[in-house]
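So the sequence shown is numbered by full-length UniProt numbering: it starts at 1 and just counts up by one. Note that CB positions come from ideal geometry on N, CA and C, so glycine has one too.
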Amino acid sequence: MAMARPFIFKACLLSAETANLLKKNRMDPKPFSEKDQFFSTKAEKVTTNGAANISLQEWQGWGAISPLPAMVIEVIQDLKLLEKDIGAHLDFGGNHGKLQGDFKVQEDKKHRAKFQSLGNSEKKLQFFSARQIACRLLGSRGYLCQKCWLPMEDCMCSRLLPFPLWHRIRFWLYMHPKDFLRQNNTGKLLCQVFGTHAATLCLFGISELEEIMWSALNFSGRRNVWCLYPNKNAMPMSVQDTFIQNSSRDHQSEQNSVLGDERINFILIDGTWSNSQAMFKRLKMGDKKKEKRKEI
Ligand SMILES: [Zn+2]
């Protein structure tokens, strides 16, 4: 399945609102994660007092559609064990659920040792992502609004109107864990406005979410998958162009395009420029693996 076709939206079949959202993200010279803080910057302290379990409802409340990731559960259990061992509570500060204080010092040693002990880069990535996600989940609890990811006092949910996305389009917001629950992240607006099944959050390195995305992309087929990624050699194309291109390949495709329910998938990479390179590489690697499996 092809993932690496560079794609730039003209958004002719998209609503004006969507076009504005996408245009804003495309034109901004800084990646989402490097933008200035627009919102409350005051340091907030969150101490869990031992209540560190995450329920499925809580996990999905943040916008994820998968079951609770096994490795995130494992990391949370390790954090709880460490709490017991050293007699200090999990302590979070700043705006992004970062550990702080004595607990941070001890946890740093522990997680670095675990990271080093892992046998391969895939396991290391999964552990890195799960730890980032676990800390953000625990640190943001009761502080950020689950829907808009802003501090409760800045919640803008009442100002956002849900808007139906055309049923033949699905967005995949492929997000770096460092952007998860980041209050100045704008990509998540897509999920909030269009709904999580039209604009689906997929976190880099979280296998439960990545599998859902790959399965859907595989089902849709190579010609219906596009990745939005900057490339100076990319040809600007519209959604309309992609339909014409697909339907002109053969008569069957044309019939499907007109009559069928084929969905076009757009992968939107959400991370800093340097992080997004690794994410794009992973998408290309995943694509190659699928191709190899097909050949066997
Ligand atoms: Zn809100």
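Any non-hydrogen atom of ligand 1 closer than 7 Å to residue i Cβ
| i | result |
| --- | --- |
| C191 | no |
| K188 | no |
| L150 | yes |
| K147 | yes |
| M156 | yes |
Nearest to residue i (by Cα), restricted to the options the options
| i | options | result |
| --- | --- | --- |
| C191 | S66, L125, F171, E58 | F171 |
| D270 | L165, F194, D179 | D179 |
| F92 | K104, A113, W62 | K104 |
| G101 | A113, I86, R112 | I86 |
| Q77 | N120, G97, A130 | A130 |
| H89 | E107, E74, M175 | E107 |
| V193 | M175, P162, D287, Q132 | P162 |
| L181 | S274, S220, Y143, V225 | Y143 |
| N231 | F204, N218, W273, L203 | W273 |
| residue 298 | L203, S276, P164, S121 | There is no way to answer for residue 298, as the model of the chain reaches only from 1 to 296. |
Close Cβ partners of residue i (< 6 Å) along its chain, the five nearest in sequence each way excluded
| i | result |
| --- | --- |
| S40 | Because the pLDDT of S40 is 41, which lies under 50, any placement of that residue in the model is unreliable, and the question is left without a value. |
| P69 | I206, E208 |
| residue 298 | With the chain covering only 1 through 296, there is no way to say anything about residue 298. |
| L137 | I54 |
| A134 | V72, V75, I76 |
| C145 | M152, C155 |
| L14 | Confidence at L14 is low in this model, with a pLDDT of 34, below 50, so the placement of that residue is unreliable and no value is reported for it. |
Cut-off 8 Å between Cβ atoms - residues of its own chain near residue i, not counting five sequence neighbours on either side
| i | result |
| --- | --- |
| Q57 | none |
| R168 | D261, E262, R263, I264 |
| M65 | Position check: residue 65 holds Ile in this sequence, whereas Met was assumed. Hits under 8 Å: T196, H197, T200, L201, L209, I212. |
| K124 | F115, L118 |
| Q126 | M71, G205, I206, S207 |
| Q132 | P177, K178, F180 |
Proximal residues to residue i (C-beta, below 7 Å), its chain only, five neighbours per side dropped
| i | result |
| --- | --- |
| Q37 | Confidence in Q37 is poor, its pLDDT being 35 and thus under 50, which makes the residue's placement unreliable; the coordinate value appears in the next sentence. Around Q37: N184. |
| K110 | L82 |
| K147 | C157, Q192 |
| P67 | L56, E208 |
Proximity test, Cβ basis, 8 Å: residue i and chain D
| i | result |
| --- | --- |
| S121 | Chain labels in this structure do not include chain D; a single protein chain is all it has. |
Beta strand (DSSP E) runs wholly inside the stretch 191 to 238, at least 3 long, in chain order: Listed in chain order, the beta strand (DSSP E) elements of length 3 or more contained wholly in the stretch 191 to 238 are 199 to 203, 225 to 228.
Whole beta strand (DSSP E) elements within the stretch 88 to 159, 3-residue minimum: Segments of the beta strand (DSSP E) lying fully in the stretch 88 to 159: 91 to 93.
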